[in-house]
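> Heads up, the sequence shown is in this note's numbering, so the first residue is 3 and it goes up one at a time.
Ideal Cβ placement from N, Cα and C applies to all residues, glycine included.
Only a predicted model underlies this, so the values are computations on that prediction, with no experimental measurement involved.
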Amino acid sequence: PRHLCPFCYETDLSWVLSSGRGVLHSYAVQRLGPPSGFEDDLPYAVGVVKLDDGVQLLGRLWPDPDGEWSGYSCDGRVEFHGADAVEIGRRPVPWFRRAG
Ligand SMILES: [Zn+2]
């Protein structure tokens, strides 16, 4: 979220509902040397998602059923798939999974 429009500097902004669908622009799987506080999350993946609605954001990526992210690819389709309330309370970030 922004506090003003980066183009016209309007500050009277509002929330817009997103489809939650988009493409994975880039991603990385963290296996070693996590930032402080993320040691227990290893391995994990983060990616930049370009939503179909025209914005992009950073989010966590759900692993595939085998526990890896080998099915993900840049420009592959992803969709919002939130984590449970405990995880969201711990780290309030959007989660995405692969979409067909
Ligand atoms: Zn504007």
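What are the boundary residues of the beta strand (DSSP E) that includes V50?
In the sequence shown, the residue the question calls residue 50 occupies position 48. Segment 46 to 53, the beta strand (DSSP E) holding V50.
> Which two residues bound the contiguous alpha helix (DSSP H) that contains E81?
Position 79 of the sequence shown, counted from the start, is the residue given in the question as residue 81. E81 -> not in any alpha helix (DSSP H); beta strand (DSSP E) instead, spanning 79 to 82.
> From which residue to which residue does the alpha helix (DSSP H) around D91 run?
Walking along the sequence shown from the start, residue 91 turns up at place 89. Sequence inspection shows Gly at residue 91; the Asp mentioned does not correspond to that position. G91 -> alpha helix (DSSP H) spans 87 to 92.
> So the beta strand (DSSP E) H5 belongs to, where does it begin and stop?
By 1-based counting over the sequence shown, the position of residue 5 is 3. Here H5 belongs to no beta strand (DSSP E), and DSSP marks it neither H nor E.
> Does ligand 1 have even one heavy atom less than 7 Å from the beta-carbon of E12?
As a first step, residue 12 must be located in the sequence shown, where it is residue number 10. Yes; taking the cut-off as 7 Å, the Cβ of E12 has a heavy atom of ligand 1 nearer than that.
> Roughly how many angstroms lie between the CA atoms of S99 and D55, to the nearest whole one?
What you label residue 99 is simply residue 97 of the sequence shown in a count that begins at 1. What you label residue 55 is simply residue 53 of the sequence shown in a count that begins at 1. With the sequence shown as reference, residue 99 is identified as Arg, and Ser is not the correct amino acid for it. When rounded, the distance between both Cα atoms is 17 Å.
> Per DSSP, which one or two residues make a beta bridge with V31?
Here residue 31 refers to the residue found at position 29 when the sequence shown is read from its first residue. Bridge partners of V31: A47.
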